[in-house]
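Asker: Pasting a structure here, questions to come.
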Amino acid sequence: MTDSALSRALARIAPSRTTAMTDRAMALRAEGRDIISLSVGEPDFATPAHVVQAAKDALDAGDTKYTAVAGSARLRAAAALHFERDLGIVVPPAQVIVSAGGKQAIFHALLATLDPGDAVLIPSPWWVSYPEIVRFAGAKVVDLPTRADGGFRINAAQLEAAITPATRWLLLNSPGNPTGATYPAEELRALGEVLRRHPRVLVMSDDIYAPLRYGAGAHATLAVECPDLADRVLTVSGVSKSHAMTGFRIGVAAGPLWLINAMARLQSHSSGNPASISQAAAVAAFEGPQDFLLAWRERFRARRDLCVAAINAIPGLSTPVPDGAFYCMVDAAPLMARFGGESPNADEALCLHLLEHGVAVVAASAFGGRDGFRISFAADEATLEEALRRIAGAVV
Ligand code: PLP
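For my numbering, count along the sequence shown from 1 and bump the result up by 4.
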């Protein structure tokens, strides 16, 4: 089969470059090479024991059949509890959908609402899947570039200038992957002012990293800061990052009933319900103890500080201090002349060079950025120290 056998929709999208780098690192390891992978976006901690036990109990209890498409009543209620307790969003369970990972919730929301000719505003550097899903839906990606010295956040004027009659969605991700960008309440309210003037624009607030915030004060989210916009805000969350449950494939989203029902309609024909065992585990995650999160966050904070200090001590590399999530966006612009200079994908050559020196990271261009790379600091301190030593050795 050749590419001509592919649908036009599939031909518009590329495979995930984060997954591609992780696969490459695994293949080199299988050949016996010593590779440290800082390319993958998942916590290295073990899934909490009470969550694993709930999955075993569900199996033993024969909880192995179809559930309602949008998730079991028990999990939708537990997720509603999570939205209220952890994000301040008060929703009935009917306005919550459970999908196979946050990724599927985002996929279904966009596929259910976008038509060819629609435009979607995405602040860059962005999470790799956003633009690909938008293109798959036949809509147009509108890049809202952000800068390290602006905290990798868009502002109200930038948003206003970008909105046209074609604009259908704004995708916000706070704390953000790959930058750690985190929007304070007053900046969300300023964005809300703009959005009020454009009633056709829907907003995705991807808060999947909300439990991993390092700043003071509560997490701020658009549905809470601008409650009058709640009928067009979809908030995405889950257990993948917060509870180290990436393999369970459970994500949740809360939003207006029409949108949740539209997503469920699509889900009823794509995957049907998410795995029943994983749903039982997610109930335990949302209803069970949350105190371990504090300890995890402090571990991540220490790793973040270690990475930021080490990167900024390497000539030619720099990174701001990320406010959330577990990634550092590293600027390598001063080194780019050695790796293909002006080409927007020159950072790929830099990443291949780092791979030769035993560290897998993902090029900034994979995230709509350039001249740098993303490090995931979801690895233990000794591994991070060795990886950073290798990076320093590779670029001197
Ligand atoms: N949103 C962001 C910003 C992410 O980084 C990820 C995972 O990498 C997801 C959503 C989806 O997470 P999952 O589908 O594993 O729940």
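Glycine is no exception: its CB is placed at the ideal position from the N, C-alpha and C atoms.
On the CB-based measure, 16 or more other CB atoms within 10 Å of its CB, does R108 come out buried or exposed?
Answerer: Translated into positions along the sequence shown, residue 108 becomes position 104. Reading off the sequence, residue 108 comes out as Gln, not Arg. Buried, because 16 or more other Cβ atoms sit within 10 Å of the Cβ of Q108.
Asker: Any heavy atom of the ligand PLP closer than 7 Å to the CB of K107?
Answerer: Here residue 107 corresponds to residue number 103 of the sequence shown, with the count starting at 1. Checking the Cβ of K107 against the ligand PLP gives yes.
Asker: Reducing DSSP to helix, strand and coil, say where D335 ends up.
Answerer: If you number the sequence shown from 1, residue 335 lands on position 331. D335 falls in the strand class under three-state DSSP.
Asker: Across which residues does DSSP place W173 in a beta bridge pair?
Answerer: Translated into the one-based positions of the sequence shown, residue 173 becomes position 169. Paired residues: V124 and L206.
Asker: Is it the case that the CB of N181 approaches a heavy atom of the ligand PLP more closely than 7 Å?
Answerer: Numbered from its first residue, the sequence shown carries residue 181 at position 177. Result yes, Cβ under 7 Å from the ligand PLP.
Asker: Taking 7 Å as the cut-off, is the beta-carbon of N2 closer than that to any non-hydrogen atom of the ligand PLP?
Answerer: In the structure as shown, the chain starts at 5 and stops at 400, and residue 2 therefore has no counterpart that could be examined.
Asker: Which residue's Cα is closest to the Cα of R193: E229, A165 and R217?
Answerer: For the purposes of this step, residue 193 is taken as the residue at position 189 of the sequence shown. Closest option to R193, Cα to Cα, is E229.
Asker: Can you list, in chain order, the residues of its chain with a C-beta nearer than 8 Å to that of A170? Leave out the 5 residues immediately preceding and following it.
Answerer: By one-based count along the sequence shown, residue 170 stands at place 166. Correct list, in chain order: G121, D122, A123 and K144.
Asker: Among A224, S275 and G242, which has the Cα closest to the Cα of A72?
Answerer: Taking the sequence shown and counting its residues from 1, one reaches residue 72 at position 68. Among A224, S275 and G242, the Cα nearest to that of A72 belongs to S275.
Asker: Between the alpha carbons of F290 and T225, how many angstroms are there, rounded?
Answerer: Residue numbering aside, residue 290 sits at position 286 when the sequence shown is read from its first letter. Residue numbering aside, residue 225 sits at position 221 when the sequence shown is read from its first letter. Between F290 and T225, the C-alpha separation is close to 19 Å.
Asker: E352: beta carbon under 7 Å from a heavy atom of the ligand ZN?
Answerer: Among the ligands present in this structure, namely the ligand PLP, the ligand ZN is not found.
Asker: Mind checking which residues open and close the beta strand (DSSP E) that includes F296?
Answerer: Here residue 296 refers to the residue found at position 292 of the sequence shown. No beta strand (DSSP E) holds F296; the alpha helix (DSSP H) holding it covers F296 to N316.
Asker: List in chain order: all unbroken beta strand (DSSP E) runs of 3+ residues lying wholly within the stretch 241 to 282.
Answerer: Listed in chain order, they are 255 to 258.
Asker: Could you give the C-beta distance for A58 and A285, rounded to a whole number, given that I count them as a contact under 8 Å?
Answerer: Residue numbering aside, residue 58 sits at position 54 when the sequence shown is read from its first letter. Residue numbering aside, residue 285 sits at position 281 when the sequence shown is read from its first letter. With a Cβ gap of about 5 Å, A58 and A285 count as contacting.
Asker: Would you list the residues sitting across from T239 in a DSSP beta bridge?
Answerer: In the sequence shown, the residue the question calls residue 239 occupies position 235. Partner(s): S209 and A258.
Asker: Out of curiosity, what's the CA-to-CA distance linking S128 and T150?
Answerer: Taking the sequence shown and counting its residues from 1, the one referred to as residue 128 is at position 124. Taking the sequence shown and counting its residues from 1, the one referred to as residue 150 is at position 146. S128 and T150: Cα-Cα distance of roughly 6 Å.
Asker: Quick one: give me the first and last residue of the alpha helix (DSSP H) that P135 is part of.
Answerer: In the sequence shown, residue 135 corresponds to position 131, counting from 1. Here the alpha helix (DSSP H) through P135 covers S133 to F140.
Asker: What does the alpha-carbon distance come out to for the pair F49 and A248?
Answerer: Numbered from its first residue, the sequence shown carries residue 49 at position 45. Numbered from its first residue, the sequence shown carries residue 248 at position 244. Roughly 6 Å separates the two Cα atoms.
Asker: Spell out a yes or no on whether the stretch 351 to 371 and the stretch 267 to 281 are touching, meaning 3 or more CB-CB pairs, one atom from each, closer than 8 Å.
Answerer: The stretch 351 to 371, when compared against the stretch 267 to 281, does not touch it at the 8 Å Cβ threshold.
Asker: Could you pull out every residue in the same chain whose Cβ sits closer than 8 Å to the Cβ of P402, ignoring the five residues on either side in sequence?
Answerer: What the structure shows of the chain is the stretch from 5 to 400, and residue 402 is not part of that stretch, so it cannot be assessed.
Asker: Among the residues of its own chain, which have a CB less than 7 Å from the CB of G75, if the five just before and after it don't count?
Answerer: Taking the first residue of the sequence shown as 1, we reach residue 75 at position 71. If we look at G75 and ignore the five residues flanking it on each side, its Cβ neighbours are I101, V102, N277, P278 and Q283.
Asker: For I395, report the span of its alpha helix (DSSP H) as first-last.
Answerer: As a working mapping, residue 395 is identified with position 391 in the sequence shown. Here the alpha helix (DSSP H) through I395 covers E385 to V399.
Asker: Would you check if the distance between the CB atom of A29 and the CB atom of S43 is smaller than 8 Å?
Answerer: Taking the first residue of the sequence shown as position 1, residue 29 is located at position 25. Taking the first residue of the sequence shown as position 1, residue 43 is located at position 39. Going by C-beta atoms, A29 is nearer than 8 Å to S43.
Asker: Is any non-hydrogen atom of the ligand PLP found closer than 7 Å to the C-beta of I318, if you look at the structure I gave you?
Answerer: Start at 1 with the first residue of the sequence shown, and residue 318 comes out as number 314. Answer for I318: no, Cβ out of range of the ligand PLP.
Asker: Say yes only if the C-beta of I126 is nearer than 7 Å to one or more non-hydrogen atoms of the ligand PLP, and no if none qualify.
Answerer: The residue labelled residue 126 in the question sits at position 122 within the sequence shown. Not so, every heavy atom of the ligand PLP lies at least 7 Å from the Cβ.
Asker: If we count the other Cβ atoms within 10 Å of its Cβ and call it buried at 16 or more, is V400 buried or exposed?
Answerer: Here residue 400 is taken as the residue at index 396 of the sequence shown, counted from 1. The residue is exposed, with fewer than 16 neighbouring Cβ atoms inside 10 Å.
Asker: Flag this pair as yes or no: are the beta carbons of V363 and A391 separated by less than 8 Å?
Answerer: As a working mapping, residue 363 is identified with position 359 in the sequence shown. As a working mapping, residue 391 is identified with position 387 in the sequence shown. Yes, they are a contact pair.
Asker: What would DSSP say about A31, mapped onto helix, strand or coil?
Answerer: One-based indexing of the sequence shown puts residue 31 at position 27. In the structure shown, A31 sits in a helix (DSSP, three-state: H, G or I).
Asker: Determine whether the beta carbon atoms of A214 and S241 lie at a separation below 8 Å.
Answerer: Here the question's residue 214 lines up with position 210 in the sequence shown. Here the question's residue 241 lines up with position 237 in the sequence shown. A contact, by the Cβ cut-off of 8 Å.
Asker: Since A113 and L263 should fall inside the 8 Å C-beta cutoff, what is the C-beta to C-beta distance between them, to a whole number of angstroms?
Answerer: Start at 1 with the first residue of the sequence shown, and residue 113 comes out as number 109. Start at 1 with the first residue of the sequence shown, and residue 263 comes out as number 259. Between L263 and A113 the Cβ distance is about 7 Å, and since that is below 8 Å, they are a contact.
Asker: Are there three or more Cβ pairs, one per stretch, closer than 8 Å when the stretch 180 to 189 is compared with the stretch 322 to 342?
Answerer: At 8 Å Cβ cutoff, the stretches touch.
Asker: For a quick check, are the C-beta atoms of V95 and A336 less than 8 Å apart?
Answerer: Along the sequence shown, read from residue 1 onward, the residue named residue 95 stands at position 91. Along the sequence shown, read from residue 1 onward, the residue named residue 336 stands at position 332. No, they are not a contact pair.
Asker: Locate the beta strand (DSSP E) running through V102, then write down its first and last residues.
Answerer: Here residue 102 refers to the residue found at position 98 of the sequence shown. V102 -> beta strand (DSSP E) spans V100 to S103.
Asker: What's the call for Y70, buried or exposed, on a 16-neighbour Cβ count within 10 Å?
Answerer: Along the sequence shown, one-based indexing puts residue 70 at 66. Its Cβ having fewer than 16 others within 10 Å, Y70 is exposed.
Asker: Taking Cβ to Cβ, would you say I39 is nearer than 8 Å to G106?
Answerer: Indexing the sequence shown from 1 puts residue 39 at position 35. Indexing the sequence shown from 1 puts residue 106 at position 102. No, they are not a contact pair.
Asker: State the Cα-Cα distance for the pair S133 and P47, rounded to the nearest angstrom.
Answerer: Stepping through the sequence shown from its first residue, residue 133 is reached at position 129. Stepping through the sequence shown from its first residue, residue 47 is reached at position 43. Near 19 Å, if we compare the C-alpha coordinates of P47 and S133.
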